[in-house]
Structure formats: C-alpha cells, structure tokens
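Following our numbering, the numbering of the sequence shown begins with 4 at its first residue and continues without gaps. Idealized CB from N, CA, C, for every residue including glycine.
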Amino acid sequence: MVQATARHLLVDTEDQCNTLKAEIENGRDFAEVAREHSNCPSGRQGGDLGSFGPGQMVREFDEVVFSGELNKVHGPVKTQFGYHLLEITSRG
Numbered sequence: 004m005v006q007a008t009a010r011h012l013l014v015d016t017e018d019q020c021n022t023l024k025a026e027i028e029n030g031r032d033f034a035e036v037a038r039e040h041s042n043c044p045s046g047r048q049g050g051d052l053g054s055f056g057p058g059q060m061v062r063e064f065d066e067v068v069f070s071g072e073l074n075k076v077h078g079p080v081k082t083q084f085g086y087h088l089l090e091i092t093s094r095g
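Here's what the structure looks like:
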C-alpha cells in the first residue's frame with residue numbers, strides 16, 4: 004500500500020492561511036510556522052503527521068497528499084476543521 008509522510012498546519016481563516024503560506028514561501032521554516040500558529044496538536048511537532056496511507060486522513064487531505072508535488076506547500080485546503088497548509092515530505 005502507498006504510504007506518505009506530511010506535515011500541516013491548521014488555522015481558522017483562509018486569509019491567515021494565505022498569509023502563512025506566503026511567509027513559508029519567502030523562506031520561513033514550515034515547522035516553525037506550524038509551532039507558532041497551528042490550532043492542531045501536531046503543531047507542537049512542527050506539524051508532523053507521521054506516515055499514513057490513503058483513507059486515514061480526511062478526503063481533502065488524501066486528494067492533495069496522494070497526488071500533489073512533494074516538498075511544496077499546498078493550500079489553503081478547506082476541511083471541516085478549518086484551513087490547512089500541507090507539505091508532502093515523502094510518498095511511496
């Protein structure tokens with residue numbers, strides 16, 4: 004089964020998500036931004052979600068993680084929890 008590793012951050016608004024994405028794309032470390040701003044408990048680990056397979060995360064995550072470009076910041080991705088930025092760190 005295909006597995007992926009990824010990290011993410013979760014915020015309440017699309018505007019905040021876009022602002023943080025711009026900071027990361029301009030050189031800020033994803034993990035640092037996640038620790039400072041993410042509403043998800045994974046933020047304490049820099050947004051690290053560990054390894055997972057298809058169907059283990061919400062559908063919106065799966066669509067990005069199992070088709071998106073590696074090591075690129077994706078988002079905002081809207082889910083029932085809020086707005087996410089995702090970075091796929093490996094897939095195979």
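Do you know how far the Cα of residue j is from the Cα of residue i?
| i | j | result |
| --- | --- | --- |
| residue 19 | residue 78 | 11 Å |
| residue 9 | residue 89 | 7 Å |
| residue 72 | residue 21 | 18 Å |
| residue 25 | residue 87 | 13 Å |
Less than 6 Å between C-beta atoms, sequence neighbours within five positions excluded: which residues of the same chain meet that for residue i?
| i | result |
| --- | --- |
| residue 34 | 49 |
| residue 94 | 7 |
Measure the Cβ-Cβ separation of residue i and residue j and say whether it is below 8 Å.
| i | j | result |
| --- | --- | --- |
| residue 85 | residue 23 | no |
| residue 76 | residue 17 | no |
Spatial neighbours of residue i within its chain, please: C-beta separation below 7 Å, excluding the five flanking residues on both sides.
| i | result |
| --- | --- |
| residue 47 | 38 |
Taking all protein chains shown into account, do 16 or more other C-beta atoms lie within 10 angstroms of the C-beta of residue i, making it buried, or fewer, making it exposed?
| i | result |
| --- | --- |
| residue 67 | buried |
| residue 36 | buried |
| residue 61 | exposed |
| residue 5 | exposed |
| residue 70 | exposed |
Write down the C-beta distance between residue i and residue j rounded to the nearest angstrom, noting that I regard them as a contact closer than 8 Å.
| i | j | result |
| --- | --- | --- |
| residue 54 | residue 11 | At roughly 14 Å, the Cβ-Cβ gap does not stay under 8 Å, so residue 54 and residue 11 are not in contact. |
| residue 42 | residue 65 | Contact doesn't hold; Cβ gap of about 21 Å is too wide. |
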